[in-house]
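Using the numbering used here, the letters of the sequence shown correspond one by one to residues 2 to 427.
Below is one structure, written out as structure tokens; comments come after it.
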Amino acid sequence: MAGPGRGVAAAVKADLRERLRRLGVSVGAAGVKPPLRPHAPPPPAESVADGSDDTVVLQAEDTLFGPAWLSRTVYPIAHSHGNRPLGDALGLSPDALAGLGVPGSPLRDALFLDTETTGLAGGTGTLAFLVGVGYFAGETETSERGHFIVDQYFLRDPAAELAMMTAIDRRVCARDLLVTFNGRAFDIPLLETRFALARLAAPFAERPHLDLLLPARRLWRNAYTSCSLGSLEYHVLGVHRDQQDIAGFLIPELYRGFLVTGDMHEMSRVMYHNLLDILSMVTLAARLSEALLRPATRGERLAVGRQHARSHAWGEAERVYRAGDDDAAVRLALGEALKKQGRHAEAAEVWEALADGDGAQAIEALIELAKYYEWQAVDLTRALLAARRAQRLTRVSETRAALSHRIERLQRKQTAKARQEKNAAS
2 MAGPGRGVAA AVKADLRERL RRLGVSVGAA GVKPPLRPHA PPPPAESVAD GSDDTVVLQA
62 EDTLFGPAWL SRTVYPIAHS HGNRPLGDAL GLSPDALAGL GVPGSPLRDA LFLDTETTGL
122 AGGTGTLAFL VGVGYFAGET ETSERGHFIV DQYFLRDPAA ELAMMTAIDR RVCARDLLVT
182 FNGRAFDIPL LETRFALARL AAPFAERPHL DLLLPARRLW RNAYTSCSLG SLEYHVLGVH
242 RDQQDIAGFL IPELYRGFLV TGDMHEMSRV MYHNLLDILS MVTLAARLSE ALLRPATRGE
302 RLAVGRQHAR SHAWGEAERV YRAGDDDAAV RLALGEALKK QGRHAEAAEV WEALADGDGA
362 QAIEALIELA KYYEWQAVDL TRALLAARRA QRLTRVSETR AALSHRIERL QRKQTAKARQ
422 EKNAAS
């Protein structure tokens, strides 16, 4: 006869599974290939398995405070995640990495980090019960040799947190660069709190930190409705998560269920979710680096050019805009870059080509031409023609009012000039 503890555990487990069933959640991710386990390095001396159908093998890593438990997954560098191999991150040039703000720190020396927690609020009451770290190892100079290893440190018992923090500290200190996705706002502050509560010195402030969310937002915020990792996986990386992947909001409750039942079955889903996040960070870093150096789409060209413009690197902005097609928005931005470099006549040629249209870019080009002919070319007649045509095209009341003011000023200037010429002739 089952004891009362086992009955409660079974009830909790059944309740969790029923909630998952109603949400349509099961395990896996479409298009994600399994790792090649034969390439794995020798594991630590001790490992355990819970004996369920979806066995998660946890290996013990010794620390001064007891064992830290981890699951290790090893991929060959040629392994494809979505539409590109993991090894693409190793071939990035220094210029490409500099675009991400990490000069001198190649990604082969990076630690990719992601956490799963008991809540999203942060603070002292939130545990990081799963900390995944990914890194390149072996002969990583070529795409045929070497590996990408993901070690996922799992907190089987909250009382063992000190051992896990010690192991995480060791991993972070062994690498020159930390890579996260939204880590500046969430993962790292949370881990720093846990280190402080454990009375350990956190290692994160001492390392360069690349948070991929920041350059991703700069590059794609106008292209997609969301710059979440899931959205970028779908739109940019070719990774399509389906109902087999665990929903993130379920993760805290599943861990609470594990603490009651000790059943690793549901935790295997959480660990798979965390694993995919880390793999996506690797390919996202490669895609971002390439896009910042050689933007491939109209939206990327505009975003990268504007990034250079914010830094007043107008020559670089011009290079990016000229590499594109004849898209009106890109050409308008090119005119602005030329203007900022004092090349007003060249900018006017760009605006003249755009002024023949009737869209928003044509209106902007006509306004710029009105300014150019008034102040640089000092051709008031052409300035008036450009301003009047822009006023006819625009439907924005503020723009019409500003153009009316400009037209009145130009007319006054024209009248004064005619009077001066008449007086000079008499």
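Glycine included, every Cβ here is placed at the ideal spot set by N, Cα and C.
None of the values given here were measured: they were computed from a predicted structure.
Within the region 235-266, the complete alpha helix (DSSP H) segments at least 4 residues long are 252-262, listed from N- to C-terminus. For the 8 Å CB-CB criterion, Y322 and A349 do not form a contact. Around the beta carbon of H266, 16 or more other beta carbons lie within 10 angstroms, which makes this residue buried. Annotation: V397 to A287 spans about 42 Å, alpha carbon to alpha carbon.
Of the candidates V57, A69, A361 and S312, the residue whose Cα lies closest to the Cα of R171 is A69. Within the same chain, and ignoring the five residues on either side of G123 in sequence, the residues whose Cβ sits closer than 6 Å to its Cβ are L191. Minimum Cα-Cα distance from R85 among the listed residues V237, D212, A354 and R299 corresponds to V237.
Within the region 352-424, there are no complete beta strand (DSSP E) runs of at least 3 residues. Taking a cut-off of 8 Å for Cβ pairs, the region 169-187 and the region 203-213 touch, as three or more such pairs fall below it. Judged by DSSP in its simplified three-state form, S232 adopts helix.
Secondary-structure assignment with DSSP links P68 through a beta bridge to D63. Here G133 is not near T127, since their CB atoms are 8 Å or more apart. Counting only runs that start and end inside the region 281-330, the alpha helix (DSSP H) elements of at least 4 residues fall at 299-311 and 315-323. With a contact defined as Cβ atoms closer than 8 Å, F130 and L156 qualify at about 4 Å.
Annotation: N424 to V331 spans about 47 Å, alpha carbon to alpha carbon. With three or more CB-CB distances shorter than 8 Å, the region 207-221 counts as touching the region 299-307. Rounded to whole angstroms, the separation of the alpha carbons of G300 and N223 is 7 Å.
Relative to A384, the option among H309, T395 and Q412 whose CA is nearest is Q412. Separation of the CB atoms of L114 and L179 is rounded to 6 Å, and the pair is thereby assigned contact status at 8 Å. By the CB criterion at 8 Å, G147 and S290 fall outside the cutoff. For P209, the secondary structure class from DSSP, reduced to helix, strand or coil, is coil. Relative to the Cα of A371, the nearest Cα in the group G360, M282 and Q392 belongs to Q392. Comparing C-alpha distances from L108 to each of S81, T116, H313 and A138 shows the shortest one belongs to A138. The DSSP assignment places complete alpha helix (DSSP H) segments of no fewer than 4 residues inside the region 95-146 at 95-100, in order along the chain. The beta carbon of L367 is closer than 6 Å to those of A356, A387, R390 and A391 in its chain, skipping five residues each way along the sequence. DSSP, read as helix, strand or coil, puts L198 in helix.
DSSP, read as helix, strand or coil, puts L93 in coil. A straight-line Cα-Cα distance of about 57 Å links A402 and G135. Judged by beta-carbon spacing, A338 lies beyond the 8 Å limit of A361, meaning their Cβ atoms are not closer than that value. Put simply, the backbone Cα of T298 is about 8 Å away from that of G325. P77 is classed as buried because its beta carbon has at least 16 other beta carbons within 10 Å across all chains shown. Proximity to A164 across T395, D264, Q421 and L65 peaks at L65, based on C-alpha coordinates.
For R176, DSSP assigns no beta-bridge partner whatsoever. Non-local beta-carbon contacts of A292 in its own chain, meaning distances under 8 Å to residues more than five positions away in sequence, involve L220, E301 and V305 in chain order.
Per the coordinates, the alpha-carbon of W352 lies some 22 Å from the alpha-carbon of Q308. Taking a C-beta distance under 8 Å as the contact criterion, V240 and G83 qualify as a contact pair.
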